[in-house]
Amino acid sequence: MTRRLAVAGLFVLAATAMGQAQKQPNMDTIAEQYVRLVLALGVHDADYVDAYYGPPAWRAQAEEEKLSVQSISAQADILARRLRQITPSGGPDDPGRLRYQYLTGQVSALRARAEMRSGRKLTFDQESKALYDVVAPTHTEAEFEAILGQLETQLPGTGPLRDRLDAFRARFVIPRDRLDATFRAAIAGCRERTLRHIPLPSEESFTVEYVTNQSWSAYNWYQGDYRSVIQVNTDLPVRVDGAVDLACHEGYPGHHVYNVLLEKNLLRNRKWVEFSVYPLFSPQSLIAEGSANYGIEVTFPAAERLQFERDVIFPAAGLNPETAQEYYAVLGLLDRLSYAGNEAARSYLDGMLTASGAADWLEKYSLMARPRAEQRVRFIDQYRSYVINYNLGKDMVRAYIKARVGNTEDVGRTWAEFERLLSSPRLPSGLVVR
Ligand SMILES: [Zn+2]
1 MTRRLAVAGL FVLAATAMGQ AQKQPNMDTI AEQYVRLVLA LGVHDADYVD AYYGPPAWRA
61 QAEEEKLSVQ SISAQADILA RRLRQITPSG GPDDPGRLRY QYLTGQVSAL RARAEMRSGR
121 KLTFDQESKA LYDVVAPTHT EAEFEAILGQ LETQLPGTGP LRDRLDAFRA RFVIPRDRLD
181 ATFRAAIAGC RERTLRHIPL PSEESFTVEY VTNQSWSAYN WYQGDYRSVI QVNTDLPVRV
241 DGAVDLACHE GYPGHHVYNV LLEKNLLRNR KWVEFSVYPL FSPQSLIAEG SANYGIEVTF
301 PAAERLQFER DVIFPAAGLN PETAQEYYAV LGLLDRLSYA GNEAARSYLD GMLTASGAAD
361 WLEKYSLMAR PRAEQRVRFI DQYRSYVINY NLGKDMVRAY IKARVGNTED VGRTWAEFER
421 LLSSPRLPSG LVVR
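Letter by letter, the sequence shown follows residues 1 to 434 of the working numbering.
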C-alpha cells in the first residue's frame with residue numbers, strides 16, 4: 001500500500017466513525033480529529049500551531065493531505081455537531097466536563113479561524129469572541145487622560161510627557177553585554193520561587209536564545225518532553241523590568257510551566273491527545289497569556305519584587321539599586337494604560353485608524369516611543385485581536401483565583417489554585433466568577 005492510500009484509508013475510517021449517528025460519540029475520537037484539523041489548518045497558517053508534540057505521522061499526513069480551509073471548516077462543523085450529541089456528566093469542576101467544554105470551545109474557534117482564512121470578515125469584538133471566548137471592555141480617551149495627568153506630576157519637567165518618560169526609561173535599559181546574565185538571574189529567581197509551590201518533573205528544562213526581526217518581545221516555543229526554547233527579541237533595548245516579567249511570563253510559572261503541567265497531567269496521565277497540540281488563535285490562549293501575566297505578581301508580590309530587583313536584578317544589569325523604587329512607582333501607573341493598546345488594535349482593525357494613526361495613538365495613550373509603537377502595530381497586524389489575552393486575560397485569571405481563594409492572605413492557597421488552573425482544561429467562560 002502506498003503512503004497516499006494509507007492516508008486515504010485513515011480518513012475513510014474516521015468518516016465511518018462519524019456516520020454512526022446512533023452510537024454515543026467517543027471523546028477520544030473527537031479529540032484526535034480535532035488535533036488533525038488543527039494540524040491541517042496549520043498547513044495554511046504558519047502562526048497557528050504554536051506547539052505540537054503528538055505523533056509526527058499526523059503532521060506529515062496533514063502536510064501531504066493539504067485539506068482546503070473550506071473542508072477544514074466543514075469538518076470542524078461535523079465535530080461540533082458530534083460534541084452536541086454528548087451530555088457531559090459531573091459538576092462544574094469535573095475533569096470530564098471541563099474536557100468537554102474545552103473541546104467544544106476549541107473546535108468552535110478552529111472553525112472560525114478557518115472561515116477567516118477563507119475570507120470571512122469579522123469586527124474586532126466578533127473576532128475576539130469567536131477565537132478567545134471573550135469581548136474586551138472599551139475604555140475612553142478620558143480615562144487614559146486621567147492616568148496621563150498623574151504621570152505628569154510623577155515625572156516633572158518641561159517638554160512633552162512622552163519625551164520625559166523616554167529619557168527616564170533610558171536610564172533603566174539592560175546593557176546588551178549584561179542581558180544574558182541578568183535574564184538568567186531572573187529565571188533562577190522565578191524558578192526557585194515557583195518550585196517552592198509547584199513540583200515539576202525533574203527532566204524539565206529550557207534553552208534561551210536571543211533573536212531579532214520579530215514583532216513580539218519574547219516567545220516560548222514548547223517542544224514537548226518538558227522542554228522549551230525561550231527566545232528574547234533584541235530589536236529594541238530590553239529594560240530592566242523586562243528581566244523578571246519575561247522570565248516569569250515565558251518560563252516560571254508562565255508558559256513553560258503551563259505547558260509542562262498540561263503535558264504531564266492531561267496528555268501523559270489522562271491520555272487526552274488534544275493536549276499534544278496548542279493552536280494559538282483559540283480560547284486556550286487567554287488562559288495561557290492571562291496566567292503567564294498574573295503569575296508574575298503571584299511569584300513576586302510588589303514588596304518582594306522591589307527587594308529582588310534591588311538585591312539581584314539591578315546589580316546584575318549594572319544599574320543603581322537605589323533607583324528601583326522610583327522606577328517601579330512609574331511602572332505601576334503605566335500598567336494602568338495597558339488597555340489603551342486594546343483600543344488602538346480595535347480602532348485599527350475595524351478600519352477607524354490607519355497603521356500610522358494606530359502608532360500615533362500608542363504614542364499618545366500608551367506612551368510608547370515611536371519604534372516600539374511601530375513594532376506593536378506589526379504585532380497587531382500579525383496577531384490581531386490576540387492582544388486582549390494579555391491584559392483582559394490577566395484580570396480574568398486574577399479575579400477567578402481570588403474568588404476561589406477567598407478572603408485570606410494564605411499564599412499557599414493562591415499557588416494551589418493557580419497550579420490547579422494550569423493543570424486543567426478550563427476555558428475563559430469557565431473563569432467567570434459567579
Ligand atoms: Zn505569552
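Every residue, glycine too, gets a C-beta built ideally from N, C-alpha and C.
Query	Result
Using the three-state DSSP reduction, which class does L431 fall into: helix, strand or coil?	helix
Output needed for G91: all residues of its chain with C-beta closer than 6 angstroms, excluding positions within five of it in sequence on either side, in chain order.	none
Within 10 angstroms of its Cβ, does P253 collect 16 or more other Cβ (buried), or is it exposed?	buried
To the nearest angstrom, report how far apart L246 and V298 are at their CA atoms.	14 angstroms
By a C-beta neighbour count over all protein chains shown, 10 Å radius and 16 as the cutoff for buried, is E115 buried or exposed?	buried
If you follow the alpha helix (DSSP H) that I78 is in, where does it begin and where does it stop?	69 to 84
In chain order, what residues of the same chain lie with their CB nearer than 6 angstroms to the CB of A292, ignoring the 5 residues before and after it?	H249, G254, H255
Once you ignore the five residues that flank A288 on each side, which residues in its own chain have a CB closer than 7 angstroms to its CB?	H255, Y258
First and last residue of the beta strand (DSSP E) that includes I230?	227 to 233
Run through DSSP, which three-state label would D360 get?	helix
Can you find a heavy atom of ligand 1 that lies under 7 angstroms from the Cβ of E289?	yes
Along the alpha helix (DSSP H) that carries F300, what are the first and last residues, could you check?	From DSSP, F300 is part of no alpha helix (DSSP H); its letter is neither H nor E.
Under a CB-based cut-off of 8 angstroms, is L286 close to chain D?	The chain labelled as chain D is not found in the depicted structure, where only one protein chain is given.
If you measure between the beta carbons of R384 and E143, is that distance less than 8 angstroms?	no
Would the stretch 25 to 44 and the stretch 52 to 59 be scored as touching if the rule is three or more Cβ pairs under 8 angstroms?	yes
Suppose the cutoff is 6 angstroms on Cβ atoms and the five residues either side in sequence are ignored; what does the same chain contact list for A21 look like?	Residue placement at A21 is flagged as unreliable, the pLDDT there being 44, under the threshold of 50; the coordinate-derived value follows with that caveat. No residues qualify anywhere along the chain.
Using 8 angstroms for Cβ pairs, my map puts Y400 next to L427. What's the rounded Cβ distance?	Actually they do not touch by this definition, with Cβ atoms about 11 angstroms apart.
For P425, which residues from the same chain have a beta carbon less than 7 angstroms from its beta carbon, with the 5 sequence-adjacent residues on both sides left out?	L98, R99, Y102, L266
Would G290 pass as a contact of V397 if the rule is Cβ separation under 8 angstroms?	yes
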